[in-house]
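Numbering (our numbering), first residue to last: 11 to 303.
Shown next as structure tokens:
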């Protein structure tokens with residue numbers, strides 16, 4: 011029987027992201043999954059409010075942080091992995107194919123000296139790798155389609171599926187970012203839905219359809235029965251056709267060009283320049299999908 015970690019979600023309404031603390035109740039050791047570092051694109055201000063909220067919770071519960079885990083380089087928020095490593099000393103990790111994303115965006119940002127080798131993280135996980143959170147066994151599933159590097163963390167009976175499946179009333183994630191592929195996403199979702207029906211599914215975003223309260227936990231059984239995309243589109247081609255049609259109507263995330271230069275660098279902000287200030291680099295006319303109206 012799979013062990014059941016304690017899972018606490020932290021919803022960030024600015025980015026509709028859910029961050030997680032996953033803990034072994036016996037040993038009080040935990041992992042932090044997909045933490046957010048705050049950024050306001052209008053003012054250029056950064057802050058650590060989300061990460062500090064997680065740290066306060068960890069202190070309150072008496073947890074020891076063993077891992078800081080990213081599922082992929084996010085396109086809609088900065089990763090707080092580097093900040094949390096500084097505060098806790100815990101190792102950071104991501105999927106090994108992050109190097110493919112780094113190489114892609116290294117070209118987009120014209121960064122000839124950028125090390126696209128994954129060295130910004132302490133551990134690069136391969137498909138099938140195992141590790142532990144306290145005494146709870148965890149394993150890694152390669153889950154591309156949304157990005158080239160996306161992985162799922164299965165920790166005990168809990169699967170952290172990032173941007174693959176959303177809550178059943180929201181369907182599935184988009185697959186039109188550079189390196190994305192709807193047919194590949196279909197295969198990744200099928201692998202997730204092959205987990206035991208009672209597996210708890212924790213998603214990376216919730217866009218609150220109909221204005222409902224944020225939700226982020228379901229089960230494999232619920233996803234198979236009720237997911238508005240997976241219950242309707244039963245073949246790879248039908249899914250890909252519908253997913254690609256939907257993606258063509260979506261604007262690019264407002265922070266994609268800001269966040270990828272942070273998140274491909276392990277959550278590190280740009281180094282200060284001679285005047286002591288940090289600067290982002292925004293390539294013009296790189297992406298399509300402008301929301302002109």
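Note that CB positions come from ideal geometry on N, CA and C, so glycine has one too.
Quick caveat, the model's predicted, so the values are computed rather than measured.
| query | Hey, quick one: how far does the alpha helix (DSSP H) through residue 124 stretch, first residue to last? | reply | Position 114 of the chain shown, counted from the first residue, corresponds to residue 124. Taken as a continuous stretch (DSSP letters only), residue 124 belongs to no alpha helix (DSSP H), as it is neither H nor E.
| Nearest-angstrom Cα separation, counted from residue 211 out to residue 170 | Along the chain shown, read from residue 1 onward, the residue named residue 170 stands at position 160. Along the chain shown, read from residue 1 onward, the residue named residue 211 stands at position 201. Distance between the alpha carbons of residue 170 and residue 211 is about 6 Å.
| field | For residue 34 and residue 145, the rounded distance between their alpha carbons | value | As a first step, residue 145 is located in the chain shown; it is residue number 135 there, counting from the start. As a first step, residue 34 is located in the chain shown; it is residue number 24 there, counting from the start. So the alpha carbons of these two residues sit roughly 7 Å apart.
| field | Separation of residue 82 from residue 257, as counted between CA atoms | value | Along the chain shown, read from residue 1 onward, the residue named residue 257 stands at position 247. Along the chain shown, read from residue 1 onward, the residue named residue 82 stands at position 72. Those two C-alpha atoms are separated by around 19 Å.
| message | Output needed for residue 118: all residues of its chain with C-beta closer than 7 Å, excluding positions within five of it in sequence on either side, in chain order. | response | The residue given as residue 118 occupies position 108 in the chain shown. Only 293, 296 meet the Cβ criterion.
| What residue from 179, 126, 18, 74 has the CA that sits closest to residue 241's CA? | Position 231 of the chain shown, counted from the start, is the residue given in the question as residue 241. For residue 241, the nearest C-alpha among the options comes from 179.
| message | Rounded to whole angstroms, what is the Cα-Cα separation between residue 134 and residue 54? | response | The residue given as residue 134 occupies position 124 in the chain shown. The residue given as residue 54 occupies position 44 in the chain shown. Straight-line Cα distance between these residues: approximately 31 Å.
| query | In the DSSP assignment, what residue or residues form a beta bridge with residue 163? | reply | Counting from 1 along the chain shown, the entry for residue 163 is found at position 153. Per DSSP, 150, 170.
| query | Should the stretch 37-47 be called in touch with the stretch 73-81, which here means at least 3 C-beta pairs below 8 Å? | reply | yes
| request: Can you tell me the Cβ-Cβ gap for residue 162 and residue 151, rounded? I've got them flagged as a contact below 8 Å. | output: The residue you call residue 162 lines up with position 152 of the chain shown. The residue you call residue 151 lines up with position 141 of the chain shown. With 8 Å as the limit, residue 162 and residue 151 qualify as a contact, their Cβ atoms being about 4 Å apart.
| Can we say the stretch 218-234 touches the stretch 193-207, given the rule of at least three CB pairs closer than 8 Å? | yes
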